[in-house]
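Enquirer:
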Amino acid sequence: MTIDEVVYVFICARLDADGGPVIDLFQSDPWEGENGDGTIVGRDIEGWWESLTFDHTDPSAPVDITAADNLLRACGYQRLNNWTPRTGRSGHTVHTADALLRIEDIR
């Protein structure tokens, strides 16, 4: 497999959203640490990339942060740092993290 491009994304996982659990991904440009060690010290959100939804064929399957990691991995994303949960004004919890997606050159 030849990698053509690496896309960095900012993940917003809303697992208790009113319309059902969803993971929104926004393309981002992470700023590396001064030592060039790859540590993300900030980000510039460039725009919405895609949204991932969960398979609801099994209503007994829990939709938790582990399910979010499984969905991201199944779609080719690699999470780069720990989840940061926060509660928004709506009372819903949003879990955020950074990830990357390696896009294969299919030519």
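Those letters in the sequence shown? Residues 81 to 187, by this note's numbering. All C-beta atoms, glycine included, are put in the ideal place defined by N, C-alpha and C.
(1) Would you mind reading off the limits of the alpha helix (DSSP H) that contains arginine 169?
(2) Using three-state DSSP, classify alanine 97 as helix, strand or coil.
(3) Give the C-beta separation of alanine 97 and histidine 172 to the nearest angstrom, bearing in mind that I take them to be a contact with Cβ-Cβ under 8 angstroms.
(4) Apart from the five residues just before and just after aspartate 135, which ones in its own chain have a Cβ nearer than 7 angstroms to its Cβ?
(5) Starting from leucine 151, trace the alpha helix (DSSP H) both ways and give me its first and last residue.
(6) For threonine 164, which residues of its own chain have a beta-carbon under 6 angstroms away from its beta-carbon, when the five flanking residues on both sides are left out?
(7) For glutamate 85, which beta-bridge partners are listed by DSSP?
Expert: Let's see:
(1) Taking the first residue of the sequence shown as 1, we reach residue 169 at position 89. DSSP places arginine 169 in no alpha helix (DSSP H); its state is neither H nor E.
(2) Taking the sequence shown and counting its residues from 1, one reaches residue 97 at position 17. Coil at alanine 97, not helix or strand.
(3) The residue labelled residue 97 in the question sits at position 17 within the sequence shown. The residue labelled residue 172 in the question sits at position 92 within the sequence shown. At roughly 6 angstroms, the Cβ-Cβ gap stays under 8 angstroms, so alanine 97 and histidine 172 are in contact.
(4) Taking the sequence shown and counting its residues from 1, one reaches residue 135 at position 55. The answer is none, since no qualifying residue turns up.
(5) Here residue 151 corresponds to residue number 71 of the sequence shown, with the count starting at 1. It spans 145-154 - the alpha helix (DSSP H) in which leucine 151 sits, taken as one unbroken run.
(6) Sequence index remark: in the sequence shown, residue 164 carries index 84 (1-based). The residues are Thr176.
(7) One-based indexing of the sequence shown puts residue 85 at position 5. Ile183, per the DSSP bridge assignment.
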